[in-house]
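> Structure in structure tokens, see below.
In UniProt numbering, the protein residues as written are 1 to 157.
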């Protein structure tokens with residue numbers, strides 16, 4: 001029984017190139033020096049993804065890592081700006097009684113992964129193209145950290 005040998009990237013590219021030129025599986029196998037079965041496996045595994053990528057690239061799309069959080073919507077922007085303007089001139093005494101808080105998740109092993117998206121150049125901030133990863137559930141091995149800071153004698157109820 002013959003030992004299996006992994007195909008090189010150059011061999012795979014040559015197989016795909018010859019296939020795109022309309023060569024038969026037998027002819028490709030002779031040129032590359034592999035079996036017809038091997039050529040079929042290469043084409044099944046690599047040609048489909050290359051075709052999809054090529055079409056998307058030709059249409060002007062680029063692969064990017066998706067945002068972890070969505071951009072702030074128009075309504076929320078208006079609300080935040082209104083809040084900021086209302087609280088801009090508040091006295092120090094007011095801020096001494098405010099408590100700011102935040103929570104974060106830190107993974108112990110690995111990451112939550114990255115999700116790739118396809119978008120056209122210079123459209124990442126356009127609301128129509130606002131692709132992002134959905135919130136992940138807090139399960140697995142991680143540290144959940146909650147912190148708060150106050151400016152004075154704020155009481156917690």
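The C-beta atom is built at its ideal place from N, Cα and C for all residues, glycine as well.
Since this is a predicted model, take the numbers as computed values, not measurements.
For the alpha helix (DSSP H) containing residue 37, name the first residue and the last one.
Start and end: 36-42.
> CA-CA distance, residue 31 and residue 51?
Residue 31 and residue 51: Cα-Cα distance of roughly 22 Å.
> When we look at the beta-carbon of residue 98 and count the other beta-carbons within 10 Å, is it buried (16 or more) or exposed?
With fewer than 16 other Cβ atoms within 10 Å, it is exposed.
> Could you give the distance in angstroms between the alpha-carbon of residue 10 and the alpha-carbon of residue 107?
Approximately 38 Å, taken between the alpha carbons.
> Could you tell me how far apart the beta carbons of residue 150 and residue 103 are, in whole angstroms, since I believe they sit closer than 8 Å?
That belief does not hold up - the Cβ atoms of residue 150 and residue 103 are roughly 16 Å apart, past 8 Å.
> Run through the region 84-116 for me and flag every whole alpha helix (DSSP H) of 4 or more residues, listed as ranges in chain order.
The region 84-116 contains these whole alpha helix (DSSP H) runs: 92-96.
> In whole angstroms, what separates the C-alpha of residue 115 from that of residue 93?
C-alpha separation (whole angstroms): 45 Å.
> Tell me the DSSP bridge mates of residue 62?
Looking at the DSSP assignment, residue 62 forms a beta bridge with 119.
> Can you name, in chain order, every residue of its own chain whose Cβ lies under 6 Å from the Cβ of residue 56, other than the five neighbours on each side?
So the list reads 118, once near-sequence residues are dropped.
> Can you tell me whether residue 38 is buried or exposed? The criterion is at least 16 other CB atoms within 10 Å of its CB, across all chains shown.
The residue is buried, with at least 16 neighbouring Cβ atoms inside 10 Å.
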